[in-house]
Amino acid sequence: MPETILLEAEEKMEHTLQALHRDFSTVRSGRANPKMLERVNVSYYGVETPINQVASISVPEGNQIYIKPYDKTLVSEIERAIFGANIGVTPSNDGIGVRIVLPPMTEENRRNSVKTIHKMAEDSKIAIRNIRRDAIAHFKKMEKDSAITEDDLVYYQDETQKLTDKFTEKIDEYFKEKEKDIMHI
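Read in order, the letters of the sequence shown correspond to residues 6 to 190 in this note's numbering.
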């Protein structure tokens with residue numbers, strides 16, 4: 006039973022790490038990245054649909070993204086959705102698709118992006134610590150109910166802390182990697 010709690014905690018921490026990785030991919034670095042459009046939804050037959058499900062997204066050049074809808078009637082709708090998403094880019098409609106030319110990032114934009122990813126990383130660390138707290142609370146309850154010994158409690162608390170340290174370290178690595186990517190000109 007305590008091993009199950011430990012495994013569940015590790016699984017939840019892994020999900021937190023994956024969510025952080027997804028969130029980081031939506032933050033603009035210096036280059037064009039189709040994932041920055043991941044959270045843009047288009048009204049398709051009255052249903053809000055992710056843009057990547059109604060169009061192909063490509064990066065023809067390092068500073069451009071080209072969105073070619075499968076249904077040509079969606080071109081203006083995609084353009085409108087990108088404007089409305091407020092992601093700091095201006096799309097242009099060429100009749101067949103939508104082209105986004107990313108302007109070079111200013112120093113201020115880079116610093117703001119780093120602040121954004123720093124907050125995301127801190128929120129993930131908080132989530133990891135909350136998972137640790139919940140797991141340790143389970144172990145303490147088990148010890149109180151005499152399901153595990155006091156020595157077992159200490160062991161499982163240590164194991165939970167090791168997991169927490171491991172995932173916190175990974176978050177720091179992801180952050181440093183993304184920060185380097187953003188600040189690189």
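Even glycine gets a Cβ: it sits at the ideal position worked out from N, Cα and C.
Computed from a predicted structure; not experimentally measured.
By the CB criterion at 8 Å, residue 187 and residue 22 fall outside the cutoff.
Between the C-alpha atoms of residue 126 and residue 111 there is a straight-line separation of about 23 Å.
42 is the residue among 42, 87, 96, 50 whose C-alpha sits nearest the C-alpha of residue 57. Taking C-beta atoms under 8 Å as the contact rule, residue 44 and residue 54 fail to qualify, at a distance of about 12 Å. One alpha carbon belongs to residue 33, the other to residue 106, and they sit about 13 Å apart.
DSSP places residue 105 inside the beta strand (DSSP E), whose first and last residues are 103 to 106. With respect to the 8 Å criterion, residue 133 and residue 172 are classified as neighbours on the basis of their beta carbons. Nearest neighbour of residue 85 by Cα position, chosen from 60, 46, 51, 73, turns out to be 46.
Counting the other Cβ atoms within 10 Å of the Cβ of residue 70 gives 16 or more, which makes it buried. Bounds of the alpha helix (DSSP H) holding residue 179 are 155 to 188. By the criterion of a C-beta distance shorter than 7 Å, residue 61 is surrounded in its chain by 73, once the five residues flanking it on both sides are discounted. Beta-carbon to beta-carbon, residue 161 and residue 7 are separated by about 5 Å, close enough to satisfy the 8 Å threshold.
The alpha-carbon separation between residue 100 and residue 9 amounts to approximately 56 Å.
For residue 52, the uninterrupted beta strand (DSSP E) run begins and ends at 52 to 55, by DSSP. Per DSSP, the continuous alpha helix (DSSP H) segment holding residue 117 begins and ends at 112 to 149.
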